[in-house]
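Okay, so here's the structure we're looking at.
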Amino acid sequence: MRVGISYDIQTTADWEAILSDIEAADTLGYDSFWVSESRENGSACSVPALFLTSAARRTRNIQLRIGGRTVVIHSAIRLAEEVAVLDLFSRGRAGIAFATSGAQSTVPGHVHETIEFVRSAWSADEIRYRGEHLRFPSHTSDDAPLGVSFPEWQGDYIPQWEWGPAMPDFLAITPKPYATAPPTYVDISEDTTLEWAANHGVSPFIGADMTTDRAVERMQQYRAVADAAGRSRYEVEAVLERRMGIGSESDDCTLGGSAHDLVCALREITSKASIAHFVWRRGNTEDGDLTQFAVDVHPLLQA
Amino acid sequence: MEFWTACNGLTKIRPMPSSLADYYDTWIQDVIRVEELGFDGINSPEHHFMYDGFIPSPIQALCAAAAVTSKIRLATGAMLLTLYDPLEAAELATTADVLSNGRISLGLGMGYRPMEFDAFGTAKKTRGARLTEGMEIMKLATSQDSFSFEGKHYQYKDVSISPRPVQQPLDLWFCGGTTTIGARRAGTAGLGYWLANSPFDATENIVREYRQFGREAGWREDQLRTAVFKDIFIGETMEEAKAMAQQMMEFFYDEHILGYGYLVDENAQNLYNPSKEHHLYKRFVNSLTCGTVEMVIEELKRYQDIGVDVIMIQSTQQELIADKILPELR
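Chains A and B supply the protein sequences, listed in that same order. Quick note on this note's numbering: the first sequence kicks off at 1 and runs consecutively. Quick note on this note's numbering: the second sequence kicks off at 1001 and runs consecutively.
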């Protein structure tokens, strides 16, 4: 079982403290650190990839996950590029979770097309994409096949520096990530996206604000659809974010109690909902003891 | 006078095969090294869809550098503003400004490669107007809690960005060309003007024009700053220095300048694969500063005398330049 951490970033004054916390978490063996795109208070981090690229140079092992990424104002090209560059600066530790369409005033298909495009951009060289919300390159005509398509071999090639002002029908997004395919997740709060992700092998993510019971139910639904589609469990990594605290009270969204209580709760959820990765959502750097959790809870999740 | 420098590693160079992750590590180590050498800034450029992995997100590289440095300015040279939503660009800049504790300098360019405009869905012919609007939006977004903007290409109503920058105002430059139109664009907007590699006489004229445009637009003299891309090659003799410059042309510039249409002719048309006898190619080669230590100092003092604030040098001979050149021009 993997365990990561995430934060409610409230003020820019917290940023340095959080970066120091990530260094500590990296040393303590936490598996991942997540920063979600947010614009609250004028102090939140709107570009998680930048925060994480900085963190990449201060850590060695911890996985770096962009959370809640929106697709409305960000070009799909730039989304593919930012993950690739983070992956290179961190030597294969990057991943990205996309927000629901409802969180950004668009339709689910826009999110789905972006994910499909980004994954293709990482894995293939020259591509073209035609969707309802996205065309790459922009001059791609209605004659192009839907989704991703690839050029046919013409018997020779012309290197880029001899193209002149030509605008090719297929282009490669570069650089490529360090890993073949950085982990990609999507929030499955919406039914349409749950169905789509389960059918397409995109990992499910549920954030800290959904009740635990509801989250378990959603993850079970995801698994049922994926099983029906013949998709294997090892293809994806189900991620559940929870507020947690040793010695704190439990509620609908928070796991509390003794270390033993926490271990039992996490193992129960894992068993019911096929969770592979818990993310501990921390209010700030004073919220709970990273070392105590690493010593008293983390090892027992697999013992 | 400040000295900024490039560092190798944000794009592969064909005669130096290695993994891109190793290149990035080298870049980080070089950034640490040039800070220790006393350089005032480093820069990160931007291009897309390049076979050599050219960095597409310059601010992201600067955030990696921010984590391992404490003093050196972190500059984009250039960030291709016309290929961004300006609000998105502003958030990239302010996020990096917070992570670097106020060390970001944004060199903003308009881009020139057709495949980049086509891929992003921006009509290249609109780039000038987009850049002008984009620069104004960057200033508004980074200096006000919320703002509205009604332009031909961009419209926003009561929008704000997060986070707020450390610097107030954010350090903004127009980056590109050595032209009257560039001088007018930067001077009128009250942005610094970051000029391309050019012969001294052309630089002197354009710097004068830029200051005139800036004054006419009501900007104070201290708000009008100039930087110059200036590749410097130092040898024991002029011949040795020119051989180094020639090597730089072959290893790097020839492909980027000739193959991708960097040079612009008198009709504002980009030149693709022109002859090396073409007068604009020769002009670029002649704009590279070659000579002995003494000759280079003498040449750079001419730039200092006309009020150039920043010399932006290439990624080679940094130790020598830090040791012999910088102390003479501080």
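By construction, the Cβ of each residue, glycine as well, lies at the ideal position given by its N, Cα and C atoms.
Quick one: give me the first and last residue of the alpha helix (DSSP H) that S1198 (chain B) is part of.
As a position in the second sequence, residue 1198 (chain B) is number 198, starting the count at 1. Unbroken run through S1198 (chain B): none, as it is neither H nor E.
Can you look up Q220 (chain A) in the DSSP assignment and give me helix, strand or coil?
Position 220 of the first sequence, counted from the start, is the residue given in the question as residue 220 (chain A). Helix at Q220 (chain A).
Q) Leaving out five residues before and five after T1082 (chain B) in sequence, what residues of the same chain have Cβ atoms less than 7 Å from its Cβ? A) Taking the first residue of the second sequence as 1, we reach residue 1082 (chain B) at position 82. Cβ neighbours of T1082 (chain B) beyond the five flanking positions: M1110, G1111, T1122, R1127, R1130, L1131 and G1134.
| Does the beta carbon of N1008 (chain B) come closer than 9 Å to any beta carbon on chain A? | Numbered from 1 along the second sequence, position 8 holds the residue referred to as residue 1008 (chain B). Output row for N1008 (chain B): interface = no.
- By DSSP, does P137 (chain A) sit in helix, in strand, or in coil? Walking along the first sequence from the start, residue 137 (chain A) turns up at place 137. DSSP places P137 (chain A) in coil when its eight states are reduced to three.
Going straight from the alpha carbon of R1033 (chain B) to that of T1069 (chain B), what length do you get?
-> Indexing the second sequence from 1 puts residue 1033 (chain B) at position 33. Indexing the second sequence from 1 puts residue 1069 (chain B) at position 69. If you take the alpha carbons of R1033 (chain B) and T1069 (chain B), they lie about 10 Å apart.
**Q.** Contact list for the region 46–76 of chain A against chain B, Cβ threshold 8 Å
**A.** S46, V47, A49, L50, F51, T53, S54, A55, A56, R57, R58, I73, H74 and S75
Query raised in the report: List, in order along the chain, the chain B residues whose C-beta lies closer than 7 Å to that of W161 (chain A)?
Result: What you label residue 161 (chain A) is simply residue 161 of the first sequence in a count that begins at 1. In chain order: E1255, G1259 and Y1260.
Query raised in the report: Are the CB atoms of V83 (chain A) and P204 (chain A) nearer to each other than 9 Å?
Result: Residue mapping note: residue 83 (chain A) aligns to position 83 of the first sequence, counting from 1. Residue mapping note: residue 204 (chain A) aligns to position 204 of the first sequence, counting from 1. Taking 9 Å as the Cβ cut-off, V83 (chain A) and P204 (chain A) do not qualify as a contacting pair.
On the premise that V3 (chain A) lies in contact with D31 (chain A), defined as a C-beta separation below 8 Å, what is that separation, rounded to the nearest angstrom?
Sequence index remark: in the first sequence, residue 31 (chain A) carries index 31 (1-based). Sequence index remark: in the first sequence, residue 3 (chain A) carries index 3 (1-based). That pair is a contact at about 6 Å.
Go through its chain and collect everything with a Cβ distance to L52 (chain A)'s Cβ below 8 Å, but skip five positions before and after it.
Counted from its first residue, the first sequence places residue 52 (chain A) at position 52. F33, V35, L64, R65, I66, L86, S90 and A94, listed in sequence order.
query = Can you find a heavy atom of the ligand FAD that lies under 8 Å from the Cβ of W1219 (chain B)?
reply = Absent from the structure shown: the ligand FAD. Ligands present: none.
- [ ] Classify M244 (chain A) as helix, strand or coil using the three-state DSSP reduction.
- [x] Numbered from its first residue, the first sequence carries residue 244 (chain A) at position 244. Of the three classes helix, strand and coil, the one that applies to M244 (chain A) here is strand, per DSSP.
Query raised in the report: Per DSSP, what kind of secondary structure is F1054 (chain B) in: helix, strand or coil?
Result: Taking the second sequence and counting its residues from 1, one reaches residue 1054 (chain B) at position 54. The answer is coil: DSSP assigns F1054 (chain B) none of H, G, I, E or B.
Since L1074 (chain B) and A1093 (chain B) are thought to touch, with beta carbons under 8 Å apart, how far apart are those beta carbons, to the nearest angstrom?
For the purposes of this step, residue 1074 (chain B) is identified with residue 74 of the second sequence, where counting begins at 1. For the purposes of this step, residue 1093 (chain B) is identified with residue 93 of the second sequence, where counting begins at 1. Actually they are not in contact, since the Cβ atoms of L1074 (chain B) and A1093 (chain B) sit about 11 Å apart, beyond 8 Å.
Original post:
Based on the DSSP output, what are the partners of M1079 (chain B) in its beta bridges?
Top reply: Numbered from 1 along the second sequence, position 79 holds the residue referred to as residue 1079 (chain B). M1079 (chain B) pairs with B:L1108.
**Report entry** Neighbour list for F89 (chain A) in chain B, Cβ cutoff strictly below 7 Å
**Finding:** For this step, residue 89 (chain A) is matched to residue 89 along the first sequence. Y1024 and A1064, listed in chain order.
Under 9 Å, Cβ to Cβ, is there at least one residue of chain B near P168 (chain A)?
Start at 1 with the first residue of the first sequence, and residue 168 (chain A) comes out as number 168. Cβ-Cβ to chain B under 9 Å: yes for P168 (chain A).
So what does DSSP say about N1270 (chain B), is it helix, strand or coil? For the purposes of this step, residue 1270 (chain B) is taken as the residue at position 270 of the second sequence. Note: N1270 (chain B) maps to strand in three-state DSSP.
Q) In three-state DSSP terms, what is L171 (chain A)? A) Counted from its first residue, the first sequence places residue 171 (chain A) at position 171. Looking at L171 (chain A) - three-state DSSP - the assignment turns out to be strand.
>> Judging by CA-CA distance, which residue of B:L1037, B:D1052, B:G1214 and B:N1043 is the nearest neighbour of I1013 (chain B)?
In response: Residue mapping note: residue 1013 (chain B) aligns to position 13 of the second sequence, counting from 1. Answer by Cα proximity: B:D1052.
Helix, strand or coil for E152 (chain A), going by three-state DSSP, please let me know.
On the first sequence, residue 152 (chain A) is found 152 positions in, with the first residue counted as 1. Three-state result, E152 (chain A): coil.
task = Output, in sequence order along the chain, the residues in the region 89–111 of chain A whose CB is closer than 7 Å to any CB in chain B.
result = F89 and R91
At a Cβ threshold of 9 Å, is R130 (chain A) touching chain B? Counting from one through the first sequence, the residue named residue 130 (chain A) turns up at place 130. Not closer than 9 Å to any Cβ of chain B, the Cβ of R130 (chain A) fails to qualify, so no.
Which residue or residues does DSSP assign as beta-bridge partners of I1313 (chain B)?
As a first step, residue 1313 (chain B) must be located in the second sequence, where it is residue number 313. Its beta-bridge partners are B:T1005.
Taking only beta-carbon atoms, is A44 (chain A) less than 9 Å away from chain B? As a position in the first sequence, residue 44 (chain A) is number 44, starting the count at 1. Chain B contact via Cβ: present.
query = If you draw a straight line from the alpha carbon of E1088 (chain B) to that of S75 (chain A), how long is it in whole angstroms?
reply = Taking the second sequence and counting its residues from 1, the one referred to as residue 1088 (chain B) is at position 88. Taking the first sequence and counting its residues from 1, the one referred to as residue 75 (chain A) is at position 75. Approximately 10 Å, taken between the alpha carbons.
T1226 (chain B) and V1207 (chain B) closer than 9 Å at C-beta:
Your numbering for residue 1226 (chain B) matches position 226 in the second sequence. Your numbering for residue 1207 (chain B) matches position 207 in the second sequence. Yes, these two residues count as a Cβ contact at 9 Å.
Checking 9 Å against the spacing of the C-beta atoms, do A198 (chain A) and L240 (chain A) come in under that value? Taking the first residue of the first sequence as 1, we reach residue 198 (chain A) at position 198. Taking the first residue of the first sequence as 1, we reach residue 240 (chain A) at position 240. Cβ atoms of A198 (chain A) and L240 (chain A): not closer than 9 Å.
### Message
Within a Cβ cutoff of 6 Å, which residues of the same chain sit near V196 (chain A), ignoring the five residues on either side of it in sequence?
### Response
Translated into the one-based positions of the first sequence, residue 196 (chain A) becomes position 196. In the sequence on display, residue 196 (chain A) carries Trp and not Val. Closer than 6 Å at Cβ, skipping near neighbours: H112.
- Query: Going along chain B, which residues have a C-beta under 9 Å from S138 (chain A)?
  - Reply: For the purposes of this step, residue 138 (chain A) is taken as residue 138 along the first sequence, with counting starting at 1. What S138 (chain A) touches in chain B: F1117, D1118, A1119, F1120, G1121 and T1122.
With 9 Å set as the bound, which would you pick, yes or no: does the beta-carbon of I1137 (chain B) sit closer than that to a beta-carbon of chain A? Numbered from its first residue, the second sequence carries residue 1137 (chain B) at position 137. So no, I1137 (chain B) is outside the interface.
* To do: Check whether the region 43–58 of chain A touches the region 9–20 of chain A, counting contact only when three or more Cβ pairs, one atom from each stretch, lie closer than 8 Å.
  => yes
(message) Less than 9 Å between CB atoms is the rule here; does S38 (chain A) satisfy it with respect to chain B?
(response) Indexing the first sequence from 1 puts residue 38 (chain A) at position 38. Yes, contact with chain B.
Of all the CB atoms in chain B, is at least one closer than 9 Å to the CB of E116 (chain A)? Translated into positions along the first sequence, residue 116 (chain A) becomes position 116. False, the Cβ-Cβ gap to chain B never drops below 9 Å.
Leaving out five residues before and five after Q292 (chain A) in sequence, what residues of the same chain have Cβ atoms less than 7 Å from its Cβ?
Here residue 292 (chain A) corresponds to residue number 292 of the first sequence, with the count starting at 1. Excluding residues within five positions, the ones whose Cβ falls inside 7 Å are I246.
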